[in-house]
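These notes are about the structure you will find just below.
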Amino acid sequence: MSTRLKTLSTKFLKWRYKNISNKTFTHIMSVLVGLLAGLASVTLKNITYFIESFLEKGILISENGLYFILPILGLTLVY
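All residue numbers for the sequence shown refer to my numbering, where the first residue is 1069 and numbers rise by one.
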């Protein structure tokens, strides 16, 4: 970690100990983590819908062909 980041984090921790209780800090962090998790899930959902619409409209294959190709594509991406 760089020295500047260490000094900023040290200053933040000192300020937090002086001004915010542990319970309040835990509540603030849980709200922040919840918002970021919600944002990540919405982003993932929108990316999935975009890929679906691209594959349905961009590729001229019958729907039965997509049922065969998409699982193979998904397994290829995962493994």
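The beta carbon of each residue, even a glycine, is placed where N, CA and C say it ideally should be.
Ends of the alpha helix (DSSP H) at residue i?
i: ILE1115; result: 1090 to 1126
Helix, strand or coil: how does DSSP classify residue i here?
i: TYR1085; result: helix
i: SER1077; result: helix
i: TYR1135; result: helix
Judging by CA-CA distance, which residue of the options is the nearest neighbour of residue i?
i: SER1121; options: GLY1106, ALA1108, LEU1138; result: LEU1138
Looking only at its own chain, which residues have a Cβ that is under 8 Å from the Cβ of residue i, when we skip the five neighbours before and after it?
i: ASN1132; result: none
Just confirm the distance between the C-beta atoms of residue i and residue j, as a whole number of angstroms; I'd bet it's less than 8 Å.
i: LEU1134; j: LEU1123; result: 7 Å
Grab me the residues of residue i's own chain with a C-beta within less than 7 Å of its C-beta, minus the 5 sequence neighbours each way, in chain order.
i: SER1109; result: none
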